[in-house]
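Structure first, commentary second.
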């Protein structure tokens, strides 16, 4: 369990600092979420977490095409 927690914590910290912009709403408008893109700590923590939750609940049958599914981050 310790290696899993260390890996998850490490990845979250890296993404918190340096994640690229993502399309949260599926309207092709990218939202920058990391500290390197000028966000503060609150938006840096909340937006990636909600985006990750949304990605895990975006099944392929909800997408109009495979390209849309891949663009939105496919789980």
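In our numbering, the protein residues as written are 51 to 125.
No residue lacks a Cβ here, since even glycine has one placed at the ideal position from N, Cα and C.
Endpoints, the alpha helix (DSSP H) within which residue i is located
{"i": "residue 118", "result": "116-121"}
beta-carbon residue i near the ligand ADP non-hydrogen atom, thresh 7 Å
{"i": "residue 80", "result": "With respect to the ligand ADP, the structure offers nothing, as it holds no ligand at all."}
Bridge partner(s) assigned by DSSP for residue i
{"i": "residue 81", "result": "72"}
Own chain residues within Cβ distance below 6 Å of residue i, not counting five before or after
{"i": "residue 116", "result": "none"}
Other residues of its chain near residue i: CB distance less than 7 Å, five sequence neighbours each side excluded
{"i": "residue 129", "result": "Residue 129 lies beyond the residue range present for the chain, which begins at 51 and ends at 125; the question has no answer from this structure."}
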